[in-house]
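A.B. asks:
2 protein chains.
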Amino acid sequence: MRPFDQSLPMALLRAREAAMRRFRPLLAEHDLTEQQWRVLRALTATDGPVEPTVLAERTFLLPPSLSRILSNLEGRGLIERSVATHDQRRSLIELSPDGRMLVRTVAPSSEAAYTRIEQRFGAARLQHLLEELHDLAELNLGEPT
Amino acid sequence: MRPFDQSLPMALLRAREAAMRRFRPLLAEHDLTEQQWRVLRALTATDGPVEPTVLAERTFLLPPSLSRILSNLEGRGLIERSVATHDQRRSLIELSPDGRMLVRTVAPSSEAAYTRIEQRFGAARLQHLLEELHDLAELNLGEPT
DNA sequence: TATTGTTATACTCTATAACTATA
DNA sequence: TATAGTTATAGAGTATAACAATA
């Protein structure tokens with residue numbers, strides 16, 4: 001069997017661990033879990049409001065997990081929900097002003113961590129790595145041959 | 001702020017998700033969680049018995065989490081524990097014959113998934129990606145500048 | 001005193017199913 | 001009937017602290 005440290009999932013996990021190590025304490029300072037941050041971050045990336053289903057796909061969270069996270073973030077005033085006018089089943093989620101402010105507070109450290117990686121690893125090399133990861137994720141490995 | 005899909009941790013998570021998607025149902029068939037499998041997999045990679053502390057580092061599990069997982073795996077007869085003769089505080093963990101058999105049962109599907117990725121992504125390209133991930137993980141990003 | 005490993009505790013996420021409201 | 005989202009439930013991992021046994 002392939003050696004443990006040549007396993008692709010382990011290599012991805014290890015790299016992610018290395019990239020996140022410095023960032024986690026910062027999230028903890030703001031009482032945010034990784035998953036909560038992923039949701040806030042995904043909301044920052046969109047122009048307008050997003051439906052929970054879309055948000056779940058983008059953040060790799062299951063609907064029940066996302067549902068709890070949204071309740072939590074709404075309770076803290078970091079997001080706002082509304083109901084879609086064309087289909088009352090659908091919710092629309094967006095950052096509140098407080099949520100946007102929180103992201104703006106955390107973002108600089110995130111960028112600093114990124115810059116640090118760029119400096120040590122090389123900006124072009126990192127860009128290429130991101131492209132490779134993107135391609136890998138798009139192979140549709142779940143589809144039948 | 002950097003676009004969400006240009007975030008390195010998200011790119012790593014997304015790639016890992018893609019690589020694991022087909023593998024999870026197989027683990028579920030054998031009543032194994034991802035973390036339990038990581039432990040079994042790490043034990044396969046070593047020649048002899050391993051101390052829990054080392055195992056925790058290699059699998060990115062916290063000691064309390066690992067402790068529970070080891071109890072579970074021991075209860076299922078998949079691993080064996082002994083006490084180090086030179087230091088009675090230390091445990092030594094190794095796969096049991098049943099554990100080895102289970103790994104041998106699951107391994108072919110793991111290899112098949114890997115081969116599939118190699119075919120679609122390119123073997124050399126994948127090898128290079130693994131090396132880049134390895135280098136990235138070894139940047140010691142947690143250290144002060 | 002320090003270290004190895006486990007236990008305690010509280011919380012969060014995962015995963016599947018069942019349910020409500022709307023379409 | 002089907003879909004969007006929430007709630008129910010059980011289980012597992014995360015994280016920190018406290019603890020027992022050994023060094």
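Protein chains in written order, with this note's numbering: chain A, 1 to 145; chain B, 1 to 145. Beta carbons are placed, not taken as given, at the ideal position from N, Cα and C, and that holds for glycine. These numbers come from a predicted model, not from an experiment.
#1: Please list, in chain order, all residues of the same chain as P144(B) whose beta carbon is under 7 Å from its beta carbon, the five residues on each side excluded.
#2: Is it the case that the region 88-96 of chain B contacts the region 109-125 of chain B, given that we only count it when at least three CB pairs across the two stretches are under 8 Å?
#3: On the premise that L130(A) lies in contact with L8(B), defined as a C-beta separation below 8 Å, what is that separation, rounded to the nearest angstrom?
#4: Which two residues bound the contiguous beta strand (DSSP E) that contains L70(B)?
#5: Check the DSSP bridge columns for E94(B) and list the partner residues they point to.
#6: Give the interface partners of L92(A) over in chain B, defined as CB-CB distance under 8 Å, in chain order.
#7: Could you tell me the boundaries of the alpha helix (DSSP H) in which R58(B) lies?
#8: Should the region 25-40 of chain A be regarded as contacting the region 61-81 of chain A, the criterion being three or more beta carbon pairs within less than 8 Å?
#9: How would you call A18(B), buried or exposed, if buried means at least 16 neighbouring beta carbons within 10 angstroms?
#10: How would you label A84(B), buried or exposed, when you count the other beta carbons within 10 angstroms and need 16 or more for buried?
#11: L133(A) and L95(A) - do their beta-carbons sit closer together than 8 Å?
#12: Check the Cβ of H134(A) against every Cβ in chain B and list those closer than 7 Å, keeping chain order.
#13: How far does the alpha helix (DSSP H) with D135(A) in it reach, from first residue to last?
#14: Residues of chain B with CB under 9 Å from P3(A), in chain order?
#15: Could you say which of L12(A), P97(A), R68(A) lies nearest to T59(B) if we only look at CA atoms?
C.D. replies: In short:
#1: Counting from one through the second sequence, the residue named residue 144(B) turns up at place 144. At P144(B), the pLDDT of 47 sits below 50, so the modelled position is not reliable; the number obtained from the coordinates is stated separately. Cβ neighbours of P144(B) beyond the five flanking positions: none.
#2: no
#3: As a working note, residue 8(B) is residue 8 in the second sequence. As a working note, residue 130(A) is residue 130 in the first sequence. The pair is a contact, with the Cβ atoms about 7 Å apart (cut-off 8 Å).
#4: Residue mapping note: residue 70(B) aligns to position 70 of the second sequence, counting from 1. Careful: L70(B) lies outside any beta strand (DSSP E), inside the alpha helix (DSSP H) at 63-75.
#5: Taking the second sequence and counting its residues from 1, the one referred to as residue 94(B) is at position 94. Beta-bridge pairing links E94(B) to E80(B).
#6: Residue 92(A) sits at position 92 when you count from the first residue of the first sequence. Neighbours of L92(A) on chain B: none; closest Cβ ~18 Å, over 8 Å.
#7: Taking the first residue of the second sequence as position 1, residue 58(B) is located at position 58. Looking at the DSSP string, the run of the alpha helix (DSSP H) that includes R58(B) is 52-59.
#8: yes
#9: Your numbering for residue 18(B) matches position 18 in the second sequence. Classification of A18(B): buried, given that the 10 Å Cβ count is 16 or more.
#10: Here residue 84(B) corresponds to residue number 84 of the second sequence, with the count starting at 1. Counting Cβ neighbours within 10 Å, A84(B) comes out exposed, since fewer than 16 surround it.
#11: Taking the first sequence and counting its residues from 1, the one referred to as residue 95(A) is at position 95. Taking the first sequence and counting its residues from 1, the one referred to as residue 133(A) is at position 133. Not closer than 8 Å, so no.
#12: Translated into the one-based positions of the first sequence, residue 134(A) becomes position 134. Chain B residues near H134(A): A11.
#13: Locating residue 135(A) in the first sequence gives position 135, counting from the first residue. Start and end: 123-137.
#14: Taking the first sequence and counting its residues from 1, the one referred to as residue 3(A) is at position 3. Result: A45.
#15: Counting from 1 along the second sequence, the entry for residue 59(B) is found at position 59. Taking only the C-alpha atoms, the option nearest T59(B) is L12(A).
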